[in-house]
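Structure first, then comments.
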Ligand SMILES: O=C(O)C(=O)Cc1ccccc1
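Residue numbers (the UniProt record's numbering): 1 to 365.
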């Protein structure tokens, strides 16, 4: 249910209250709330809320949004006779760069190998994406940060993983489900997944996956997406009959593709589309993908920068098994998911909880 999009702004400082009790200071409040949440998760609050699928689900993402708001919301839900409530997804900072600098990865063990330079990739064996059936593999040991993403090398998600964790080993997964499970089974340390795009809007399926899995949002990263039209060497764009790509990429290049008069076909990821054309030597098919994908799969760039809006940004979430405890010296973004049972004005009442406390919401989904 997408109902509004509010601009981000400053929020009030965290109130040192948890569940009606006054804490000694804001840090204590943050810690209390985090443990309460972990407990709540263990007791299956998330599973319960997921069972109430018939209720509307509201994901609220606020900058500087307060953990104590959960308590407030729960109370409010009680007041209006609602059973609904909620799971907090994260305490993620909007400032990934700053956050990253403080992460333990910087000090961990031997330096992680950087992602293979693009120029070397053509001659390398490209890793096969993990699929759900591969997940029985034992976890690898070592101190490298391994980051799962959906797609094959050259996908934008791989670039987002490298931006979020610069020295990581990016692990391709054939489906988002496999990326989530790879983290849950300790095969990798983190997952990075696209959640919304400035042109294409929310990626709804990934919101659902966040609810179904018990991973925590620990950060976010924004990636400028620059699409190219790729084809086999020697092919002209006028020869193309169809173009394949990720549905978001096709949507973001709608004008160009309509002008070309080609059929459009959706596949799992942009780089996968490029790989498919190369593997099957399809002269009548183009792919919307990155320049890096062209390089990896030996395709040519037939058109460059074909997105409808040059300012095309995708927001990716960084997911981990453990939550981070939000700090109190600057605002943190928090996502809250809650359900409300049918009734007049229930949404209005829930949102009033935020409005009355001057909490800015960055997104209501
Ligand atoms: O398919 C990809 O390369 C992805 O990472 C998903 C995606 C698709 C389009 C824009 C941003 C991310």
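All C-beta atoms, glycine included, are put in the ideal place defined by N, C-alpha and C.
Quick check: residue i and residue j, are their CB atoms within less than 9 Å of each other?
i, j, result
"residue 231", "residue 285", "yes"
"residue 157", "residue 149", "yes"
"residue 229", "residue 288", "yes"
"residue 147", "residue 169", "yes"
"residue 274", "residue 251", "no"
"residue 306", "residue 227", "yes"
"residue 283", "residue 263", "no"
"residue 154", "residue 277", "no"
"residue 233", "residue 185", "no"
"residue 291", "residue 308", "no"
"residue 215", "residue 171", "no"
"residue 235", "residue 267", "no"
"residue 225", "residue 346", "no"
"residue 352", "residue 338", "no"
"residue 152", "residue 272", "yes"
"residue 365", "residue 207", "yes"
Below 8 Å on the Cβ atoms is my guess for residue i versus residue j; work out the distance and round it to an integer in Å.
i, j, result
"residue 188", "residue 318", "In fact, because the Cβ distance is near 12 Å, the residues do not count as touching under 8 Å."
"residue 195", "residue 315", "6 Å"
"residue 145", "residue 205", "That belief does not hold up - the Cβ atoms of residue 145 and residue 205 are roughly 26 Å apart, past 8 Å."
"residue 237", "residue 302", "4 Å"
"residue 240", "residue 260", "7 Å"
Locate the beta strand (DSSP E) running through residue i, then write down its first and last residues.
i, result
"residue 354", "Where residue 354 is concerned, there is no enclosing beta strand (DSSP E), although the alpha helix (DSSP H) it sits in stretches over 346-355."
"residue 243", "242-245"
"residue 216", "216-224"
"residue 165", "It is not in any beta strand (DSSP E) - residue 165 carries neither H nor E in the DSSP assignment."
"residue 337", "333-340"
"residue 155", "No beta strand (DSSP E) contains residue 155, which DSSP labels as neither H nor E."
"residue 184", "No beta strand (DSSP E) contains residue 184, which is instead part of the alpha helix (DSSP H) from 176-184."
"residue 276", "Residue 276 -> not in any beta strand (DSSP E); alpha helix (DSSP H) instead, spanning 270-280."
"residue 197", "190-197"
"residue 230", "228-231"
"residue 359", "Counting along the chain, residue 359 falls outside any beta strand (DSSP E), and DSSP gives it neither H nor E."
"residue 366", "Coverage of the chain is limited to positions 1 through 365, which leaves residue 366 absent and any answer about it impossible."
"residue 307", "From DSSP, residue 307 is part of no beta strand (DSSP E); its letter is neither H nor E."
So, at 6 Å on beta carbons, what are the nonlocal neighbours of residue i in its own chain, with the 5 sequence-adjacent residues on each side left out?
i, result
"residue 246", "269, 270"
"residue 201", "none"
"residue 197", "248, 314"
"residue 137", "Because residue 137 carries a pLDDT of 47, less than 50, the predicted location of this residue cannot be relied on, and no value is offered for it."
"residue 279", "none"
Tell me which residue opens and which closes the alpha helix (DSSP H) that residue i is part of.
i, result
"residue 239", "Element bounds for residue 239: n/a, residue is neither H nor E."
"residue 301", "No alpha helix (DSSP H) contains residue 301, which is instead part of the beta strand (DSSP E) from 300-304."
"residue 212", "204-212"
"residue 254", "254-260"
"residue 295", "291-297"
Among the residues of its own chain, which have a CB less than 8 Å from the CB of residue i, if the five just before and after it don't count?
i, result
"residue 209", "176, 177, 180, 193"
"residue 35", "A caution first: residue 35 carries a pLDDT of 30, below 50, which makes its placement in the model unreliable, though a value can still be read off. Same-chain partners within the cutoff: there are none."
Taking 7 Å as the limit between beta carbons, can you name the residues of its chain near residue i, skipping five residues before and five after?
i, result
"residue 163", "221, 223"
"residue 255", "308"
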